[in-house]
Amino acid sequence: MGRGVVLALMLCLLGVTVYGEDPYIYYTWNVTYGTISPLGTPQQVILINNQFPGPEINSTSNNNVVVNVFNNIDEPLLFTWHGIQQRKNSWQEGTPGTSCPILPGTNYTYHFQVKDQIGSYFYYPTTGLQRASGGFGGLRIFSRLLIPVPYADPEDEYWVIIGDWYGKSHKTLKMELDSGRSIGRPNTVLMNGKNAKGDGSDEPLYTMKPGKTYKYRICNVGLKDALNFRFQGHTLKLVETEGSHVVQNNYESLDVHVGQCYTVLVTADKEPKDYYMIASTRFTKYNLIGKGIVRYTNGAGPASPVLPPAPVGWAWSLNQFRSFRWNLTASAARPINITRTIKLVNSNAKVDGKLRYAINGVSHVDGETPFKLAEYYGVEDKVFKYDLISDEPSADHKAITIAPNVINATYRNFIEIIFENPGKVVQSYNLGGYSFFAVAGEPGKWTPEKRKNYNLLDAISRHTIQVFPKSWAAIMLTFDNAGMWNLRSEHGENRYLGQQLYISIQSPELSLRDEYNLPETQLVCGIVKDMPKPAPKYT
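Under the working numbering, residues 147 to 685 are what the sequence shown spells out, in order.
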């Protein structure tokens, strides 16, 4: 009997189990410029592997995702993985406050784990206004085989990447914002990078077999507008949003705010022909419509030119938000006692004649040194100051200060964040590194008495929340993911001109159980570029 066989028998007798690392999936991206004509005239866009939108990242819960990005455009480049929680690993978050950009002509390899997540997400470039020119795509995470989802497997599943679209390049839009002006209204709405003409020349985006049910993953990757999504002649059965399986209600349409994703089931049970999927702007004086065709495999006939109307008013949208409930047979944790309340109020004003957006009176700016790197190297006092804003904004928060906006938070504290929107435009916020309980949203101003209206039973967990005009929204979460995390407006103009901040959450134990050390391959820049690399901070 060989030594290997003996060792194997000994391990079995001793009851020893050997665990391997979670699976790895690998992607190589070549990021370039290309030309498309979504408005009928050629314009420059950002392509990934010659694709617009970019290629899908297709993963399973707990996979390690490795993406080697080659930057072949003429600007620095960063990617963020919208909604991916990056446990202990804000180094891979891909925002200017955490990461140095990938310089033109170089490459960088992202490595992150989709730990304990399922659902529909997306990625996009975070440098400047590059998202306005593309570089975005879908990121889906399947449940592991041993963890069933609360619906039957669909016949197939499809991405619906929607968003408003400008006829100007991201460079032109950035120049307009730098000059102090707004970028104004977009030109159209795109669906998977196209807009059906409706003249009989359009090829279908997807096909469906009669009687079969299909899964559609819908994400709003635009810069500005909430979009109402509807499927001509069909109902949408909502099954998941941003990682939460929900109580499965049927909807005629869904309001998808900027940065949000929904997963729906659609059954092909209508007359066999073509049908439009429609995405149209909401809460605006203009009405922009994007369309895509879905064809029954045995279809005979074009889609009807009569499109189903969008709902009117934002009260309808608020009521829809209230109808979303977590499927408690598929999910678990509930909110606990609050240890801190942070109220964030958005504003905008001219500073030295130029438009700026702010949170609690501070309009954020990034520097040459990412804040996370500055913390790790111990030189944060040379880069930014913590806590320029207070948890309760002052009455004069409309007076705007331009500075890095970084707040400290205590590790593992349970936090309530109130977003108050005194303006006339709907807002949309995302928090990197986390999902949170979206417990309430109401017209008016928030007061502690409003807590009696919170949904503390089955509020859904998600990563992006809308805040309606003259209204507030409340979220709750535990700050249990150490790192430097970006809380930002998903509206491109607002974010670029300062409506964002960073939250620093440091583990007091300095343990590798809580956060990873600076990776060996991490890019360094700014004032730390030529400094000796510190000894590992966490052990």
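Idealized CB from N, CA, C, for every residue including glycine.
Contacting residues, own chain, Cβ-Cβ under 7 angstroms from residue i (five flanking each side not counted)
i, result
"THR475", "PRO296"
"PHE216", "TRP175, ASN176, VAL177, ASN253"
"LYS701", "What is shown of the chain runs 147 to 685, which leaves residue 701 out entirely."
"ALA549", "VAL508, VAL511, LEU534"
"SER315", "GLN189, GLN190, SER279"
"THR430", "ASP371"
"GLY357", "ALA414, ASP415"
"PRO300", "THR359, TYR360, LYS361, LEU411"
"PRO451", "GLY344"
"GLN668", "TRP237"
Neighbourhood of residue i by C-beta, 6 angstroms cutoff - its chain only, sequence neighbours within 5 removed
i, result
"ALA342", "ASP348, LYS437, GLY438, ILE439"
"LEU193", "THR178, GLY180"
"ASP676", "none"
"ARG502", "SER509, ILE546, LEU643, GLY644"
"TYR648", "GLY243, PHE517, VAL552, MET630, ASN632"
"THR485", "ASN559, PHE560"
"CYS671", "CYS246"
"GLY447", "LYS419"
"TYR256", "VAL213, GLN238"
"PRO678", "none"
"ILE203", "LEU285"
Proximity of residue i and residue j at Cβ, strictly below 7 angstroms
i, j, result
"PRO222", "THR273", "yes"
"GLU562", "TRP592", "no"
"SER205", "GLN263", "no"
"ILE364", "TYR408", "yes"
"LEU384", "VAL402", "no"
"GLN232", "PHE258", "yes"
"THR515", "ILE673", "yes"
"LEU351", "TRP311", "no"
"TYR172", "VAL212", "yes"
"SER266", "ARG290", "no"
"ASN366", "VAL404", "yes"
"PRO199", "GLY313", "no"
"ASP604", "TRP472", "yes"
"GLU119", "HIS637", "Nothing can be reported for residue 119: it is not among the residues displayed for the chain, which extend from 147 to 685."
"GLN573", "VAL613", "yes"
"LYS234", "GLU661", "yes"
"PRO201", "GLY281", "no"
Candidates the options: closest to residue i by CA position
i, options, result
"LEU490", "LYS500, ILE553, PRO455", "ILE553"
"ARG634", "ASN374, ALA584, TYR575, GLY283", "TYR575"
"HIS391", "ILE182, PRO615, ILE293, LEU336", "ILE293"
"ASP498", "LYS355, ASN599, ASP324", "ASP324"
"PRO332", "GLY346, GLY368, TYR352", "GLY368"
"PHE225", "GLN276, ASN196, LEU185", "GLN276"
"LEU464", "VAL212, ALA495, LEU400", "LEU400"
"ALA721", "ILE308, TYR304, TRP472, GLY389", "With the chain covering only 147 through 685, there is no way to say anything about residue 721."
"ARG659", "ALA628, TYR304, GLU639", "ALA628"
"ASN601", "GLU167, ALA586, GLU661, GLU526", "ALA586"
"ASN218", "THR624, TRP227, ARG641, ASN195", "ASN195"
"GLU417", "ALA504, ALA620, GLY379", "GLY379"
"ASP537", "PRO568, ILE488, GLY579", "ILE488"
"SER236", "SER493, TYR580, PRO568", "TYR580"
Other residues of its chain near residue i: CB distance less than 8 angstroms, five sequence neighbours each side excluded
i, result
"GLY524", "PRO680"
"SER469", "ASN395"
"LEU153", "Its pLDDT being 35, under 50, LEU153 is placed unreliably in this model, and the value from its coordinates should be taken loosely. Closer than 8 angstroms at the Cβ level, and outside the excluded window around LEU153, lies no residue."
"GLY590", "LYS616, SER617, TRP618"
"GLN466", "TYR397, LEU400, ASP401"
"SER328", "GLU322, LEU501, GLU639"
"ASP168", "ASN208, ASN209, ASN210, GLN259"
"LEU155", "At LEU155 the pLDDT is 35, less than 50, meaning the model places this residue with poor confidence; the figure from the coordinates comes in the next sentence. Answer for LEU155: no residue qualifies."
Which residues DSSP lists as bridging residue i, in chain order
i, result
"PHE288", "THR206"
"ALA504", "SER493"
"ASP310", "VAL335"
"THR667", "THR667 pairs with nothing; no bridge assigned."
"LEU382", "TYR397"
"ASN112", "Outside the displayed range of the chain (147 to 685) lies residue 112, so it cannot be described from this structure."
Requested in this report: Could you tell me which uninterrupted beta strand (DSSP E) segments, each at least 3 residues in length, are contained entirely in the segment 208-237, listed from first to last along the chain?
Outcome: The segment 208-237 contains, as complete beta strand (DSSP E) runs of 3+ residues, the segments 210-217, 225-228 (chain order).
>> Just to confirm the assignment: which complete beta strand (DSSP E) runs, minimum length 3, are found wholly within the segment 527-605?
In response: If only uninterrupted beta strand (DSSP E) runs of at least 3 residues are considered, those enclosed by the segment 527-605 are 552-556, 560-567, 573-577, 582-589.
### Uninterrupted alpha helix (DSSP H) stretches inside the segment 315-368 (no shorter than 4 residues)
Counting whole runs of 4 or more residues, the segment 315-368 contains the alpha helix (DSSP H) stretches 316-324.
Enumerate, from N- to C-terminal direction, the unbroken beta strand (DSSP E) stretches of 3 or more residues contained entirely within the segment 390-453. Counting whole runs of 3 or more residues, the segment 390-453 contains the beta strand (DSSP E) stretches 399-402, 407-413, 420-427, 435-442.
What ranges does the beta strand (DSSP E) occupy inside the segment 610-651, keeping only unbroken runs of at least 3 residues that lie completely in it?
For the beta strand (DSSP E) assignment, the uninterrupted runs of no fewer than 3 residues enclosed by the segment 610-651 are, from N- to C-terminal side, 610-613, 617-624, 629-635.
**Item:** Completely contained beta strand (DSSP E) runs for the segment 246-294, where each covers 3 or more residues
**Value:** Listed in chain order, they are 253-259, 265-271, 283-288.
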